[in-house]
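Each remark here refers to the structure printed beneath this line.
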Amino acid sequence: PAHIADAVLFLLSDRSAHITLQDLTVDGGAALGA
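By the count of the numbering used here, the sequence shown reaches residue 837 at its end, each step adding exactly one.
Okay, here's the thing in structure tokens:
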């Protein structure tokens with residue numbers, strides 16, 4: 804849940820103003836084999 808909250812807060816912030824039409828995988832690194 805904390806990873807989801809961090810991603811949502813980032814996407815709601817001004818730092819993500821130029822991000823459009825992207826998939827954001829929030830899985831704690833599982834997709835990378837971590």
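By construction, the Cβ of each residue, glycine as well, lies at the ideal position given by its N, Cα and C atoms. Quantities reported herein were computed from a predicted structural model and do not represent experimental measurements.
CB of residue i within 7 Å of CB of residue j, strictly
| i | j | result |
| --- | --- | --- |
| A810 | V829 | yes |
| G831 | H806 | yes |
Extent of the continuous alpha helix (DSSP H) run through residue i
| i | result |
| --- | --- |
| I807 | 805-815 |
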